[in-house]
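What follows is a single structure, written as structure tokens, with notes after it.
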Amino acid sequence: MALKVKTAETKVVLVNLLICMVVFYTVYYVVLSVCFAVFKIKMLDGLAPFDFKTNPSWINPYYLVLVISLEITFFICGLLFALVVEEWVWDYAVTVTIIHIIITSVVMSEFPLMLHWWLALGSGVISMICGGQILSYCLFKDNFIYPVLDDF
14 MALKVKTAET
24 KVVLVNLLIC
34 MVVFYTVYYV
44 VLSVCFAVFK
54 IKMLDGLAPF
64 DFKTNPSWIN
74 PYYLVLVISL
84 EITFFICGLL
94 FALVVEEWVW
104 DYAVTVTIIH
114 IIITSVVMSE
124 FPLMLHWWLA
134 LGSGVISMIC
144 GGQILSYCLF
154 KDNFIYPVLD
164 DF
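With the numbering used here, you'll find the sequence shown wraps up at 165, consecutive numbering, no jumps.
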């Protein structure tokens, strides 16, 4: 049962992770800015990507901006991650999300326990992984790494 996959050097993985983190937060703030403008909210909160304390309400435009921007960001980043890391989108998506949770906990000085935030984050990660992996497969199917399953 041998998995014949060349492991990337640690430096390459860390550089790719840094690129993915920069892409993630850049896209997040751009999407937030657009959503703030569309919903005509006066002031962009710099801590908005980390805000899990806003009460969930479909009539609260600030909450809608937070949810919509989170979902759009995760989907777009999945597609962009495919261009950066090729077939390893799922791995970088999960890692970036875990780092985002850690940063959120540090910035808000509290671990997020709000169910609505976890549901939005979970659906965002799923869309990031699915969209990115599908794009990655379409773009790099000739270079895609398939495990050897002859031993099973």
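Every residue gets a Cβ at the ideal spot worked out from N, C-alpha and C, and that includes glycine. For clarity, every value in this text was computed on a predicted model and none was experimentally measured.
Check whether residue i and residue j have beta carbons under 7 Å apart
i, j, result
"F87", "M141", "yes"
"V109", "C33", "yes"
"S149", "V102", "yes"
Enclosing alpha helix (DSSP H) for residue i [first to last residue]
i, result
"W131", "128-153"
"S70", "Element bounds for S70: n/a, residue is neither H nor E."
"S46", "23-51"
"D104", "102-121"
Integer Cβ distance of residue i from residue j, believed to fall under 8 Å
i, j, result
"A133", "L93", "Not confirmed; about 20 Å, so no contact."
"A95", "V138", "No, A95 and V138 are not in contact; Cβ-Cβ is about 15 Å, not under 8 Å."
"F153", "E100", "6 Å"
"I85", "V44", "5 Å"
Separation of residue j from residue i, as counted between CA atoms
i, j, result
"S70", "N29", "37 Å"
"C151", "C90", "17 Å"
"L79", "P62", "7 Å"
"S118", "M127", "12 Å"
"V1", "E22", "Because residue 1 is not part of the residues shown, which for the chain are 14 to 165, the question remains open."
"M14", "C143", "Residue placement at M14 cannot be trusted, given a pLDDT of 46 that sits under 50; what the coordinates show is reported in the next sentence. Distance between the alpha carbons of M14 and C143: 27 Å."
"G145", "Y76", "26 Å"
"G135", "P74", "21 Å"
"V25", "D104", "14 Å"
"L31", "V40", "14 Å"
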